[in-house]
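S.K.: Got a structure here, written out as structure tokens. Questions coming.
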Amino acid sequence: MSKLLYLPFMAFAYSLRWSWWMKNVYGLNVLVYHKIGYPPKGSKLKSLWVSPQRFERHILYLKKNNYKIITFSELVNYYRNSSPINDLVLITFDDGYENNYTYAYPLLKKYGAKGNIFVVYNTIGNVNIWHNPETEVWQKMATRDMLLEMDKSGVIEFGSHTMNHPRLLNISKEDARWEIFESKKQLENLFQKEMIAFAYPYGSGAYDETIRKMVFDAGYLFDFSFKQGKTKWPWERGKQPLDRLFIQYSDTTFDLNLHFKKGVAKLF
704 MSKLLYLPFM
714 AFAYSLRWSW
724 WMKNVYGLNV
734 LVYHKIGYPP
744 KGSKLKSLWV
754 SPQRFERHIL
764 YLKKNNYKII
774 TFSELVNYYR
784 NSSPINDLVL
794 ITFDDGYENN
804 YTYAYPLLKK
814 YGAKGNIFVV
824 YNTIGNVNIW
834 HNPETEVWQK
844 MATRDMLLEM
854 DKSGVIEFGS
864 HTMNHPRLLN
874 ISKEDARWEI
884 FESKKQLENL
894 FQKEMIAFAY
904 PYGSGAYDET
914 IRKMVFDAGY
924 LFDFSFKQGK
934 TKWPWERGKQ
944 PLDRLFIQYS
954 DTTFDLNLHF
964 KKGVAKLF
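In the working numbering, the protein residues as written are 704 to 971.
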């Protein structure tokens, strides 16, 4: 193959790692972020970080394209009425990092957008204890005062991410039940409002009938997986949790557009 043909061929082949060639998918757009900020030197989890500048570009893209950015409580009516969700987006953050308060919250407020944070209750004001500090620097978690300020603003709503961030399928059924029920109780005591949303740490248990029943028995309305994709709408609650679109450190607005259209941006 001549160089004249080789370079365009390689460029085309490389482009196949993006999902532009896949068919469009209809469903609910739920973005999931973790840390907004800058990864520490040597981090092996850079994919979980998104810079404030990139996050701001994501918000501006959503606003420019007239997406309606909603909270858990606003999703309730769409679910109960099986209303169309073409222009809806939920921005979610897992774990409850201090950098969500430092960087994400001011940007959401600046542009009149909203977000939703899944909190690990026992790490409030502490660090992300589920990471091994020998391989990944611990990160500070938001304090009670930070969480209450965000809640009071109306910019951020909250859901449960358990008490301690375990893999629910790797612990006893009794412990899993406690993680699910107790986190709801403690968060409701903190915020003085009902917690209607739950996210499974690592996605563990999201497709397990017994674990899901515990979540519903606890009184949560929505449960969110850690599986890449868009959930078919209207949502059949009894069949599956709500899947999400993973936003990584390198995702551009082009990637965001592919997430919305195809249910995934990059395939590898």
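Glycine residues also receive a C-beta, built at the ideal position from the N, C-alpha and C atoms.
#1: Checking 7 Å against the spacing of the C-beta atoms, do Thr913 and Ser886 come in under that value?
#2: Could you spell out where the beta strand (DSSP E) holding Lys771 opens and where it closes?
#3: Residues in the same chain with beta-carbon distance under 7 Å from Tyr973, minus the five sequence neighbours each way, listed in chain order, please.
#4: Do you know offhand how far Phe712's Cα is from Asp958's?
#5: Alpha carbon to alpha carbon, how far is Phe758 from Asn768? Give it in angstroms, no decimals.
#6: Can you tell which of Gln842, Thr805 and Glu801 has the C-alpha that lies nearest to the C-alpha of Ser746?
#7: Taking 7 Å as the cut-off, decide whether the C-beta atoms of Lys817 and Ile772 are in contact.
#8: Exposed or buried, Tyr736, counting other C-beta atoms within 10 Å across all chains shown (16 or more means buried)?
#9: Assess, as a yes-or-no matter, whether the segment 833-847 is touched by the segment 875-891 under the definition of 3 or more beta carbon pairs within less than 8 Å.
#10: Between which two residues does the beta strand (DSSP E) containing Glu860 stretch?
#11: Where does Thr774 land, buried or exposed, given buried means 16+ other C-beta within 10 angstroms?
#12: Rounded to a whole number of angstroms, what is the C-alpha to C-alpha distance between Tyr806 and Lys812?
#13: According to the neighbour-count rule (16 or more other Cβ atoms, all chains shown, within 10 Å of its Cβ), is Asn819 buried or exposed?
#14: Out of Asn803, Val779, Tyr804 and Tyr770, state which residue places its alpha-carbon closest to the alpha-carbon of Val792.
#15: Pick out whichever of Gly862, Leu765 and His962 has its Cα sitting closest to the Cα of Gly799.
#16: Can you tell me where the alpha helix (DSSP H) holding Ala879 begins and where it ends?
#17: Report yes if the CB atom of Ala900 is closer than 7 Å to the CB atom of Ser928, and no otherwise.
#18: Where does Asn802 fall in DSSP's three states?
#19: Where does Ser785 fall in DSSP's three states?
#20: When the Cα of Asn789 is compared with those of Arg947, Ser953, Trp936 and Ile950, which residue comes out closest?
#21: What residue does the alpha helix (DSSP H) around Lys764 start on, and which one ends it?
#22: With a floor of 3 residues, list each beta strand (DSSP E) that falls wholly inside the segment 922-961, ordered by position along the chain.
#23: In this structure, how does DSSP classify Met849 when only helix, strand and coil are distinguished?
#24: According to DSSP, is Asn873 helix, strand or coil?
#25: Rounding to the nearest angstrom, what Cα-Cα distance links Ile832 and Leu871 in this structure?
#26: Could you please give the first and the last residue of the uninterrupted beta strand (DSSP E) stretch that includes Val734?
#27: Exposed or buried, Lys915, counting other C-beta atoms within 10 Å across all chains shown (16 or more means buried)?
M.R.: Reading off the structure:
#1: No, the Cβ-Cβ distance between Thr913 and Ser886 is not below 7 Å.
#2: Note, Lys771: beta strand (DSSP E), Lys771 to Ile773.
#3: The structure shown does not extend to residue 973, since the chain spans only 704 to 971, so no value can be given for it.
#4: Any reading at Phe712 must be qualified, since the residue scores a pLDDT of 41, below 50, and its modelled position is unreliable; the value itself is stated next. When the Cα atoms are used, Phe712 and Asp958 turn out to be separated by approximately 22 Å.
#5: Cα atoms of Asn768 and Phe758: separation of roughly 16 Å, rounded to the nearest angstrom.
#6: Residue Gln842 is the option with its Cα nearest to Ser746.
#7: Result yes, Cβ atoms of Lys817 and Ile772 sit closer than 7 Å.
#8: With 16 or more Cβ atoms within 10 Å of its Cβ, Tyr736 is classed as buried.
#9: With a cut-off of 8 Å, the segment 833-847 and the segment 875-891 do not count as touching, because too few Cβ pairs lie within range.
#10: For Glu860, the enclosing beta strand (DSSP E) has its first and last residue at Ile859 to Ser863.
#11: Thr774 comes out buried.
#12: Cα-Cα distance, rounded: 10 Å.
#13: Looking at its Cβ environment, which holds 16 or more other Cβ atoms inside 10 Å, Asn819 is buried.
#14: The shortest Cα separation from Val792 among Asn803, Val779, Tyr804 and Tyr770 belongs to Tyr770.
#15: Selected option, being the one with the closest Cα: Gly862.
#16: Ala879 -> alpha helix (DSSP H) spans Lys876 to Phe894.
#17: Here Ala900 is not near Ser928, since their CB atoms are 7 Å or more apart.
#18: DSSP, reduced to helix, strand and coil, places Asn802 within a helical segment of the structure shown.
#19: Coil.
#20: Closest by C-alpha distance to Asn789, out of Arg947, Ser953, Trp936 and Ile950, is Trp936.
#21: Looking at the sequence itself, residue 764 is Tyr, so the reference to Lys does not match. DSSP places Tyr764 inside the alpha helix (DSSP H), whose first and last residues are Pro755 to Lys767.
#22: Unbroken beta strand (DSSP E) runs of no fewer than 3 residues, entirely contained in the segment 922-961, are found at 925-931 and 945-949, following chain order.
#23: Met849 falls in the helix class under three-state DSSP.
#24: Correct three-state label for Asn873: helix.
#25: Distance between the alpha carbons of Ile832 and Leu871 is about 16 Å.
#26: A quick correction: the sequence has Leu, not Val, at residue 734. Per DSSP, Leu734 belongs to the beta strand (DSSP E) from Asn732 to Tyr736.
#27: Note that residue 915 corresponds to Arg in the displayed sequence, not to Lys. When all chains shown are included, Arg915 counts as buried.
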